[in-house]
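Colleague: Below you will find the structure I want to go over with you.
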Amino acid sequence: MSRHRQPAPGAGQPPTPEPVTHETGQLAPRNAPHETEQVAAPEAPQDAPQDAARDAARDTPSTAVHPVDESRPVGRIILFGIQHVLVMAATPISAIFLMSATLRLDAGLTVNLLSAAFVLSGVGSLIQSLGPWKFGPRLPFVMLPGGAPLILFIAIAEQHGLRTATGAVVLTAAFYFVVLPVFSRLLRFFPALVIGTMIVIVGVNLVKVGAVLVTGRPGEPGFADPTNLALGMATIGFTVVFYLLFTGILRQLAVMLGLVAGTVLAGFLGGIDLSRAAEGALVSVPELMPFGSPQFSLVAALPLMLYSLASMAEATGQTVINAEAVGKEIDTRTDVPKTVRGDALTSLFGGFFGLPLMVTSGENIGIVRVTGVRSRYVTAAAGVVLVVIGFLAPVTRAISVVPSAVVGGTAMVVFAVITVLGIQMLGRSDLDRHTSTFICAVALALGLLPILIPGVYAGFPPNVRILLESGVAVGAFVAAVLNILFHHVRPRLGGV
């Protein structure tokens, strides 16, 4: 895939074009003044200040730090980082609680896994945000467990046991590294048309996830409870009011303030049980191999390995859309593999702590776009906060008391922003061409089908159903294949 174009002057860039160093996103220093420049004679002291200015200019290179690489005051960085944590904290909590309830794990093991989920989410966020060596794209990313990898982990555990499930996670993490070189060569077949379509599907799916937190699942007790609906809508309303009335840092914190206001309202309505936050020990340390040593089975791990291919495609879209959100030029051939390596490394560690695959989060991309805070050090701070939470059991329990309806209301707004980002990307993908419109339409139809109608593939074999029920994987695959057929194969055959 070709590089994104550098924004034009006036969009936060210097007016004079200068070379850019790719790894840091910083402008290369200008050339120093010519070394043979004449210096004023000693008997002309009035020229000394000019000479000093020239010396200072020579010793101080002219640089401009990209907003994504800016370091803000520590207090603000921590505050913005906490906002990211509050928005995404419900995901690891709900993931571990679902895993615990389904697999009938005891309370002590549940607390241990929850601690590990926060610590590994923090470690992964640090890797993706800071980008050590070839791991992490140095973009504002947060990582978490949950979603399709969690469902696959539970399915493997129910069929083959927990030790085999953790072994499947470790094998899949290694599988990432094996297939990544091949996947990197295929990235040129994922232009803005394909990625934009995939991001729209991702956004719609995430909005549905947030909505389910508010409404509950159809057919289950308490579905569409009026109190929960009121809390979710009130949280959205609070966020809108804060964003409308406030300016500066308070406006940037509108998402977090809306969540806090919704939680306070839930407290007045009696929807919060604070007794859970006061129970248990003060410190919780994740336990290595809580289920025993992993057992490795390629057959059992196959569904998770197949999912990893879709996960890499999703990581491609998230890396590109994250770069778009922060306005940073990236090279997908080098930066996307860094994201995937970060996912793989974090998942490898997580497997030994009993966790499902860890993936980059879409929530924080929406927060970046809503707040306008683009510094990757903010998500690095979120990573530190997550690690601290993982060791402080009372904090973890306190976060868990935030009602799901409040978190869902916040999540719906943030996730909808991701959908808008995908639409913006599609707007730059030449949809005036009939073939591009057709490709997008077919991919959206097939990708949204399992999202809008859950269980549509229930009659298919389990391994086939795993892939078909992932709307993101289906949409990305269909868009990529049709793009190849219409825009690469057909022109060579003499088509128009």
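Take the sequence shown: its letters are residues 890 to 1385, numbered as in the numbering used here.
Using N, Cα and C, we set each Cβ at its ideal position, and we do this for glycine too.
Computed from a predicted structure; not experimentally measured.
Would you mind working out which of 969, 991, 1000 and 985 sits nearest residue 1283, comparing C-alpha positions?
Modeller: Numbered from its first residue, the sequence shown carries residue 1283 at position 394. It is 1000.
Colleague: Which whole-angstrom value describes the C-beta separation of residue 1103 and residue 1294, a residue pair presumed to lie in contact below a C-beta threshold of 8 Å?
Modeller: Within the sequence shown, residue 1103 is the residue found at index 214, counting from 1. Within the sequence shown, residue 1294 is the residue found at index 405, counting from 1. Contact flag correct, Cβ pair sits at about 5 Å.
Colleague: Roughly how many angstroms lie between the CA atoms of residue 1207 and residue 1176, to the nearest whole one?
Modeller: What you label residue 1207 is simply residue 318 of the sequence shown in a count that begins at 1. What you label residue 1176 is simply residue 287 of the sequence shown in a count that begins at 1. Each residue's Cα considered, the two are about 31 Å apart.
Colleague: Can you name the residues that DSSP bridges to residue 1034?
Modeller: Taking the first residue of the sequence shown as 1, we reach residue 1034 at position 145. Its beta-bridge partners are 1247.
Colleague: Near residue 913, what residues of its chain come up, given a Cβ to Cβ distance below 7 Å and the 5 sequence neighbours on each side ignored?
Modeller: For the purposes of this step, residue 913 is taken as the residue at position 24 of the sequence shown. Per-residue confidence for residue 913 stands at a pLDDT of 37, beneath the threshold of 50, marking its modelled position as unreliable; no derived number is given.
Colleague: If we count the other Cβ atoms within 10 Å of its Cβ and call it buried at 16 or more, is residue 1210 buried or exposed?
Modeller: Counting from 1 along the sequence shown, the entry for residue 1210 is found at position 321. Per the 10 Å Cβ criterion, buried.
Colleague: Can you determine whether any heavy atom of the ligand FMN sits closer than 7 Å to the C-beta of residue 1075, and answer yes or no?
Modeller: Among the components modelled here there is no ligand, and therefore nothing to report on the ligand FMN.
Colleague: To the nearest angstrom, how far is it from the Cα of residue 1184 to the Cα of residue 1053?
Modeller: Indexing the sequence shown from 1 puts residue 1184 at position 295. Indexing the sequence shown from 1 puts residue 1053 at position 164. If you take the alpha carbons of residue 1184 and residue 1053, they lie about 5 Å apart.
Colleague: Between the segment 1218-1230 and the segment 1040-1051, can you find at least three pairs of beta-carbon atoms closer than 8 Å?
Modeller: Taking 8 Å as the limit for Cβ pairs, the verdict is that the segment 1218-1230 does not touch the segment 1040-1051.
Colleague: Out of 1372, 1073 and 1065, which one is the CA nearest neighbour of residue 1220?
Modeller: As a first step, residue 1220 must be located in the sequence shown, where it is residue number 331. Comparing Cα positions, the closest option is 1073.
Colleague: Just the Cα atoms here: how many angstroms apart are residue 1129 and residue 966?
Modeller: The residue given as residue 1129 occupies position 240 in the sequence shown. The residue given as residue 966 occupies position 77 in the sequence shown. Between residue 1129 and residue 966, the C-alpha separation is close to 23 Å.
Colleague: Assuming residue 1383 and residue 1014 form a contact by the criterion Cβ under 8 Å, report the distance between their Cβ atoms to the nearest whole angstrom.
Modeller: On the sequence shown, position 494 is the one that residue 1383 refers to. On the sequence shown, position 125 is the one that residue 1014 refers to. No, residue 1383 and residue 1014 are not in contact; Cβ-Cβ is about 50 Å, not under 8 Å.
Colleague: What does DSSP give as the partner residue(s) for residue 1281 in the beta ladder?
Modeller: Counting from one through the sequence shown, the residue named residue 1281 turns up at place 392. Residue 1281 is bridged to 1172.
Colleague: Near residue 1122, which residues of its chain fall below 7 Å by C-beta distance, leaving aside the five closest residues on each side in sequence?
Modeller: What you label residue 1122 is simply residue 233 of the sequence shown in a count that begins at 1. Once the five neighbours on either side are set aside, the close Cβ partners of residue 1122 are 1298.
Colleague: Where does residue 1079 fall in DSSP's three states?
Modeller: Position 190 of the sequence shown, counting from 1, holds the residue named residue 1079. Reduced to three states, the DSSP call for residue 1079 is coil.
Colleague: Is there contact here, the segment 1248-1260 with the segment 968-986, by at least three beta-carbon pairs under 8 Å?
Modeller: yes
Colleague: Residue 1315 and residue 1085 look like a contact to me (Cβ under 8 Å); what is the Cβ gap, rounded to whole Å?
Modeller: By 1-based counting over the sequence shown, the position of residue 1315 is 426. By 1-based counting over the sequence shown, the position of residue 1085 is 196. Between residue 1085 and residue 1315 the Cβ distance is about 4 Å, and since that is below 8 Å, they are a contact.
Colleague: Does DSSP classify residue 1110 as helix, strand or coil?
Modeller: As a first step, residue 1110 is located in the sequence shown; it is residue number 221 there, counting from the start. The answer is coil: DSSP assigns residue 1110 none of H, G, I, E or B.
Colleague: Which word fits residue 1178, buried or exposed, when buried means at least 16 other C-beta atoms lie within 10 angstroms of its C-beta?
Modeller: Here residue 1178 refers to the residue found at position 289 of the sequence shown. Looking at its Cβ environment, which holds fewer than 16 other Cβ atoms inside 10 Å, residue 1178 is exposed.
Colleague: Could you say if the segment 1192-1199 and the segment 1298-1314 meet the contact criterion of at least three C-beta pairs nearer than 8 Å?
Modeller: no
Colleague: Once you ignore the five residues that flank residue 1305 on each side, which residues in its own chain have a CB closer than 6 Å to its CB?
Modeller: As a position in the sequence shown, residue 1305 is number 416, starting the count at 1. 1096.
Colleague: Alpha carbon to alpha carbon, how far is residue 1371 from residue 1093? Give it in angstroms, no decimals.
Modeller: The sequence position of residue 1093 within the sequence shown is 204, counting from 1. The sequence position of residue 1371 within the sequence shown is 482, counting from 1. Each residue's alpha carbon lies about 22 Å from the other.
Colleague: Within a Cβ cutoff of 6 Å, which residues of the same chain sit near residue 1332, ignoring the five residues on either side of it in sequence?
Modeller: Looking up residue 1332 in the sequence shown gives position 443. Here the set comprises 1086, 1364, 1367 and 1368.
Colleague: Between residue 1212 and residue 1060, is the Cβ-Cβ spacing less than 8 Å?
Modeller: Within the sequence shown, residue 1212 is the residue found at index 323, counting from 1. Within the sequence shown, residue 1060 is the residue found at index 171, counting from 1. Their beta carbons are not under 8 Å apart, which means residue 1212 does not touch residue 1060 by this criterion.
Colleague: Just to confirm, is the Cβ distance from residue 1361 to residue 1344 under 8 Å?
Modeller: The count along the sequence shown starts at 1 and reaches residue 1361 at position 472. The count along the sequence shown starts at 1 and reaches residue 1344 at position 455. The answer is no: Cβ separation not under 8 Å.
Colleague: Report yes if the CB atom of residue 956 is closer than 8 Å to the CB atom of residue 1264, and no otherwise.
Modeller: Along the sequence shown, one-based indexing puts residue 956 at 67. Along the sequence shown, one-based indexing puts residue 1264 at 375. Yes, the Cβ-Cβ distance between residue 956 and residue 1264 is below 8 Å.
Colleague: Out of 1028, 1279 and 1133, point me to the one whose CA is closest to residue 1262's CA.
Modeller: Within the sequence shown, numbered from 1, the residue matching residue 1262 stands at position 373. Closest option to residue 1262, Cα to Cα, is 1028.
Colleague: Tell me whether residue 1234 is buried or exposed, calling it buried when 16 or more other Cβ atoms sit within 10 Å of its Cβ.
Modeller: Locating residue 1234 in the sequence shown gives position 345, where the first residue counts as 1. With a threshold of 16 other beta carbon atoms within 10 Å, residue 1234 meets it and is buried.
Colleague: Following the continuous alpha helix (DSSP H) through residue 1184, name the residue where it begins and the one where it ends.
Modeller: The residue labelled residue 1184 in the question sits at position 295 within the sequence shown. From DSSP, residue 1184 is part of no alpha helix (DSSP H); its letter is neither H nor E.
Colleague: Classify residue 963: buried if its beta carbon has 16 or more other beta carbons within 10 angstroms, exposed otherwise.
Modeller: Looking up residue 963 in the sequence shown gives position 74. Exposed, by the Cβ-count rule.
Colleague: Counting only the same chain and skipping the five closest in sequence on each side, list residues whose C-beta sits under 6 Å from that of residue 1291.
Modeller: For this step, residue 1291 is matched to residue 402 along the sequence shown. Answer for residue 1291: 1152, listed in chain order.
Colleague: Out of curiosity, what's the CA-to-CA distance linking residue 1006 and residue 1321?
Modeller: Locating residue 1006 in the sequence shown gives position 117, where the first residue counts as 1. Locating residue 1321 in the sequence shown gives position 432, where the first residue counts as 1. The straight-line gap from Cα to Cα measures roughly 45 Å.
Colleague: Between the Cα of residue 1239 and the Cα atoms of 980, 1057, 968 and 1018, which residue gives the shortest distance?
Modeller: Along the sequence shown, one-based indexing puts residue 1239 at 350. Minimum Cα distance to residue 1239 is reached at 1057.
Colleague: Indicate the three-state DSSP secondary structure (helix, strand or coil) for residue 1122 in the structure shown.
Modeller: Within the sequence shown, numbered from 1, the residue matching residue 1122 stands at position 233. Here DSSP, grouped into helix, strand and coil, assigns residue 1122 to helix.
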